[in-house]
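A.B. asks: Throughout, the numbering used here is defined as the position within the sequence shown, counted from one, plus 5.
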Amino acid sequence: MASRGSADSDQSTPGPRHIAIIMDGNGRWAAQRGLPPSAGHKAGVERIRDLVSACKERGVEALTLFAFSSENWQRPPKEVELLMSLFHSYLRKEARRMREEGVRLRVIGRRDRFSPRLQRAITEAEEITRDGERGNLVIAADYGGRWDIAQAARTMAEEVAAGRRTPDSITEQTLGDYLLLADLPPVDLLIRSSGEQRISNFILWQAAYSEFYFTDTLWPEFDEAALDQAIQAYRQRDRRFGGRTDGGLAAQA
Ligand code: IPE
Ligand code: IPE
Ligand code: MG
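#1: Using a Cβ-Cβ cut-off of 6 Å (strictly less than) and excluding sequence neighbours within five positions of THR220, which residues of its own chain qualify?
#2: Does ligand 3 have a heavy atom nearer than 7 Å to the CB of ASP29?
#3: Would you kindly work out how many angstroms separate the C-alpha atoms of PRO190 and GLY140, rounded to a whole number?
#4: List the whole-angstrom C-beta distance separating ALA146 from ALA72, where the pair is believed to meet the contact cut-off of C-beta under 8 Å.
#5: Just the C-alpha distance for ARG240 and SER17, rounded to the nearest angstrom, thanks.
#6: Check the DSSP bridge columns for GLU62 and list the partner residues they point to.
#7: Which residues bound the alpha helix (DSSP H) around VAL85?
#8: So what does ARG159 bridge to, in DSSP terms?
#9: Which residues in the same chain have their Cβ closer than 8 Å to the Cβ of THR222, if we skip the five residues on either side of it in sequence?
#10: Among residues of its own chain, excluding the 5 on either side of MET161, which ones have a beta-carbon nearer than 8 Å to its beta-carbon?
#11: Just to confirm before moving on: does the CB-CB distance between GLU229 and ASP55 stay below 8 Å?
#12: Between LEU142 and LEU186, which are expected to be in contact by the criterion C-beta below 8 Å, what is the C-beta distance as a whole number of angstroms?
#13: If we ignore side chains and look at the alpha-carbon of each, how far apart do ILE204 and HIS46 end up?
#14: Who are the Cβ neighbours of SER8 in its own chain at under 7 Å, not counting the five residues just before and after it?
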């Protein structure tokens with residue numbers, strides 16, 4: 006990792022405008038306390054409210070949280086049930102508060118595998134917060150990065166089949182426009198808690214040039230200070246996007 010001095014210096018990388026987080030480690034947090042995973046998930050949900058406000062205070066325009074992956078259906082049925090009910094009560098409880106704070110909420114992922122009741126709660130929360138202009142909270146639920154790319158490809162293939170587009174028009178730019186999050190700033194910073202260093206089928210395409218930050222902190226303990234550490238690390242990164250940002254080296258070429 007290239008360092009460009011302190012986060013407060015003029016040299017620091019601006020932003021991040023968009024942070025994505027793989028909220029991992031609830032099970033281990035609970036196990037350390039002799040508790041079942043459900044206790045970890047409950048404690049984990051409690052972290053979200055403060056984090057949304059903290060991001061807003063720090064000028065972050067969008068926060069995307071990985072809450073349930075397309076592979077998490079493989080968890081024991083009781084755990085899946087608990088996660089679904091936590092998601093439902095979170096939406097019911099928080100949507101109004103988000104509207105007051107001017108935060109727009111959206112959920113990305115497949116919806117058809119959720120119960121009709123949960124699907125309704127999602128739609129309602131999105132409706133209630135629709136006019137929010139002071140920040141975006143995206144919850145990825147039954148989301149998979151491969152699924153996202155496949156759904157974009159399928160939509161474009163349907164347009165080709167219907168004669169509304171030609172195969173030539175399918176480019177990185179146009180395919181990218183069909184992926185979820187396309188209307189938000191690019192994901193600058195991707196955080197994963199709990200010490201795991203993998204993407205677990207989260208945003209694949211969208212993370213092409215994200216800065217990755219891994220912390221051993223377990224999700225139920227990820228607080229504002231942990232967020233600030235991640236942002237500080239991000240601001241010291243040298244984002245080159247394949248080019249050269251170092252004046253000296255560029256001059257020598
Ligand atoms: C993350 O915590 C939450 C979800 C995947 C829904 P985990 O439940 O994966 O926690 P660990 O990895 O077992 O500690
Ligand atoms: C990724 O965590 C999914 C979420 C945090 C929602 P997992 O705990 O499911 O990932 P793996 O199984 O360790 O790769
Ligand atoms: Mg995990």
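Every residue, glycine too, gets a C-beta built ideally from N, C-alpha and C. All values reported here derive from a predicted model rather than from experimental measurement.
C.D. replies: So, from the data block:
#1: Hits under 6 Å: SER198.
#2: Because some heavy atom of ligand 3 lies under 7 Å away, the Cβ of ASP29 counts as near it: yes.
#3: Their Cα atoms are separated by approximately 12 Å.
#4: The C-beta distance from ALA146 to ALA72 rounds to 5 Å, short enough to meet the 8 Å contact threshold.
#5: Rounded to the nearest whole angstrom, the C-alpha separation of ARG240 and SER17 is 5 Å.
#6: In DSSP, GLU62 forms no bridge with anything.
#7: Start and end: 82 to 106.
#8: Residue pairing of ARG159 in beta bridges, as defined by DSSP: absent, with no partner found.
#9: Within the same chain, THR222 has close Cβ partners GLY30, SER198, SER199, ALA231.
#10: Taking C-beta separations shorter than 8 Å and ignoring five residues to either side along the sequence, the partners of MET161 in its chain run ARG170, ILE175, THR179, LEU180, TYR183, following chain order.
#11: For GLU229 and ASP55, yes; Cβs fall inside 8 Å.
#12: Contact annotation, LEU142 with LEU186: C-beta distance approximately 12 Å; criterion of less than 8 Å not satisfied.
#13: Cα-Cα distance, rounded: 20 Å.
#14: In this predicted model, SER8 has a pLDDT of only 44, less than 50, meaning its place in the structure is not dependable; the value taken from the coordinates is given anyway. Closer than 7 Å at the Cβ level, and outside the excluded window around SER8, lie GLN241.
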